[in-house]
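Peer 1: Below is the structure I would like to discuss, written out as structure tokens.
Numbering (the working numbering), first residue to last: 2 to 105.
Here's what the structure looks like:
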């Protein structure tokens, strides 16, 4: 959010669309770093699952259908979607606020 207000302060004539696009360019770098962090976190958290796959006498298709595997898949998807949507939504809200602040 701070980058949006800094961009607006640097160039007060920026329209909403221009402000949002410039802030999103910065936001893409934030998304990339969050995704890298997320991958490392999930890799560390899934080590027990890796052991489950390696040392389990049951067939692979049976192990994949365990509830613990479904929990991890859902957790990964929800976390990823949340992180990916966080930056565009907060940038949109901040751009609207910065544009409205100029009009007052």
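Where a beta carbon is used, it is the ideal one built from N, C-alpha and C, also for glycine. What you are looking at is a predicted structure, and each value in this text was computed from that prediction instead of being measured.
Would residue 5 be called buried (16 or more neighbouring beta carbons within 10 Å of its own) or exposed?
Peer 2: One-based indexing of the chain shown puts residue 5 at position 4. Per the 10 Å Cβ criterion, buried.
Peer 1: Would you call the region 88-98 in contact with the region 17-26, where contact means no fewer than 3 C-beta pairs closer than 8 Å?
Peer 2: The region 88-98, when compared against the region 17-26, does touch it at the 8 Å Cβ threshold.
Peer 1: Would you report the Cα separation of residue 39 and residue 97, rounded to the nearest angstrom?
Peer 2: Position 38 of the chain shown, counting from 1, holds the residue named residue 39. Position 96 of the chain shown, counting from 1, holds the residue named residue 97. Going from the Cα of residue 39 to the Cα of residue 97 covers about 29 Å.
Peer 1: Do residue 82 and residue 32 come within 9 Å of each other at the CB atom, strictly closer than that value?
Peer 2: Walking along the chain shown from the start, residue 32 turns up at place 31. Walking along the chain shown from the start, residue 82 turns up at place 81. Not closer than 9 Å, so no.
Peer 1: Starting from residue 67 and walking both ways along the alpha helix (DSSP H), at which residues does that stretch end?
Peer 2: Residue mapping note: residue 67 aligns to position 66 of the chain shown, counting from 1. Per DSSP, residue 67 belongs to no alpha helix (DSSP H) and is neither H nor E.
Peer 1: For residue 46, which of 87, 88 and 76 has the nearest alpha-carbon?
Peer 2: Within the chain shown, the letter at position 45 stands for residue 46. When each option's Cα is compared against that of residue 46, the closest is 76.
Peer 1: Apply the 10 Å Cβ neighbour rule to residue 99 and answer buried if 16 or more other Cβ atoms are within range, or exposed otherwise.
Peer 2: Position 98 of the chain shown, counted from the first residue, corresponds to residue 99. Classification for residue 99: buried.
Peer 1: Please identify the residue among 9, 35 and 18 whose C-alpha is closest to the C-alpha of residue 87.
Peer 2: Against the chain shown, residue 87 aligns to sequence position 86. Per the Cα distances, 35.
Peer 1: Return yes when the Cβ of residue 64 is within less than 9 Å of the Cβ of residue 54, no when it is not.
Peer 2: What you label residue 54 is simply residue 53 of the chain shown in a count that begins at 1. What you label residue 64 is simply residue 63 of the chain shown in a count that begins at 1. Result yes, Cβ atoms of residue 54 and residue 64 sit closer than 9 Å.
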